[in-house]
């Protein structure tokens, strides 16, 4: 693993000339460059002076590190549409118990009913997907559920057609257990809500994610919330055997996972 920095600026000729002296070659205009940690610390004062902020720090893992990880965090998935009704986030009242929900930080959603969608991907396309605004739920093609997830004891629930409230025949939502084990996230940036005073962690990984001691299922959610502003979600952990099966079947992509240690 190595630490990288992403820097986006409206680069001028003078700024480019300075960066070139450090072996960094931005393209003029609104563009971004990536650089290793050692180089970044040599130019960080310039970056802060020009941008008014630091670059975005992120870890870059080798293929071997991703492949060998016994447990990984799923960092992304295919996205397909939004939960309905989408006007004024009406899906929240319909889908969730909001008794513990804080609209200021987004913590506290508890699902009480099925998600409603306008449509689902055609068979064979986006066989696992997530929704806009909802980052800690996964929806899968029913054949994939029957072949891969059901034999592992993973439960599912119906996904309903918006306005008709009848289930889609070829798509279900995975029911993901949530661990009660707290991760060692020392050093991770946090946000404390000034309304409910609960804590969440910024989503950008700082390196390898800490590995839970108790793996409660082949796929499960974290105890902690992640995100910023009004967005809060739980991380999804996936065991190596399941991850490899999804990648081999070309249902998922290997670089969509963050290794743990």
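Residue numbers (this note's numbering): -8 to 252. The beta carbon of each residue, even a glycine, is placed where N, CA and C say it ideally should be. All values reported here derive from a predicted model rather than from experimental measurement.
Other residues of its chain near residue i: CB distance less than 7 Å, five sequence neighbours each side excluded
i: residue 120; result: 68, 69, 70, 71, 112, 130
i: residue 89; result: 83
i: residue 118; result: 131, 132, 135, 242
i: residue 114; result: 132, 161
i: residue 9; result: 37
i: residue 271; result: Here the chain has residues from -8 to 252 only, and residue 271 is not among them.
i: residue 250; result: 52, 56, 57, 60, 63, 199
Three-state secondary structure assigned by DSSP to residue i
i: residue 262; result: Any answer about residue 262 is impossible in this case: the structure gives the chain only from -8 up to 252.
i: residue 92; result: coil
i: residue 78; result: helix
i: residue 102; result: strand
i: residue 67; result: coil
i: residue 138; result: helix
i: residue 12; result: coil
i: residue 242; result: coil
i: residue 83; result: helix
i: residue 7; result: helix
i: residue 108; result: strand
i: residue 62; result: strand
Start-to-end residues for the beta strand (DSSP E) that takes in residue i
i: residue 2; result: -7 to 2
i: residue 29; result: From DSSP, residue 29 is part of no beta strand (DSSP E) but of the alpha helix (DSSP H) over 28 to 42.
i: residue 47; result: 47 to 51
i: residue 199; result: Note, residue 199: premise wrong, no beta strand (DSSP E); not H, not E.
i: residue 192; result: 190 to 192
i: residue 248; result: 248 to 250
i: residue 210; result: 210 to 217
Spatial neighbours of residue i in its chain, beta-carbon cut-off 6 Å, leaving aside the 5 residues before and after
i: residue 179; result: 192, 197
i: residue 244; result: none
i: residue 21; result: 1
i: residue 207; result: 168, 170
i: residue 43; result: none
i: residue 209; result: 143, 230, 233
Residue i, enclosing alpha helix (DSSP H) - first and last residue
i: residue 55; result: 54 to 59
i: residue 176; result: Element bounds for residue 176: n/a, residue is neither H nor E.
i: residue 231; result: 231 to 239
Residues that DSSP places opposite residue i in a beta bridge
i: residue 23; result: -1
i: residue 132; result: 162
i: residue 122; result: 125
i: residue 148; result: 164
i: residue 225; result: 216
i: residue 183; result: 190
8 Å Cβ shell around residue i - same chain, five flanking residues per side excluded
i: residue 76; result: 82, 85, 107, 153
i: residue 174; result: 200, 201, 203, 213, 214, 215
i: residue 19; result: 2, 3, 4, 7
i: residue 93; result: 99, 184, 186, 187, 189
i: residue 137; result: none
i: residue 205; result: 170, 172
i: residue 122; result: 70, 71, 72, 73, 74, 106, 108, 128, 130
i: residue 211; result: 167, 168, 169, 170, 227, 228
i: residue 151; result: 105, 106, 107, 108, 157, 158, 159
i: residue 149; result: 105, 158, 159, 163, 164
beta-carbon residue i near the ligand ZN non-hydrogen atom, thresh 7 Å
i: residue 59; result: Summarising the ligand content, the structure contains no ligands, and the ligand ZN is consequently not present.
>> Count Cβ pairs between the segment 32 to 41 and the segment 51 to 69 that sit closer than 8 Å; are there 3 or more?
In response: With fewer than three CB-CB distances shorter than 8 Å, the segment 32 to 41 does not count as touching the segment 51 to 69.
> So, do the segment 53 to 61 and the segment -3 to 4 have three or more beta carbon pairs nearer to each other than 8 Å?
Replying inline: no
> Pairing CB atoms from the segment 129 to 148 with CB atoms from the segment 161 to 177, are three or more of them under 8 Å?
Replying inline: yes
> Would you call the segment 214 to 225 and the segment 183 to 192 in contact, with 3 or more CB pairs under 8 Å?
Replying inline: Flag = yes, the segment 214 to 225 and the segment 183 to 192 touch.
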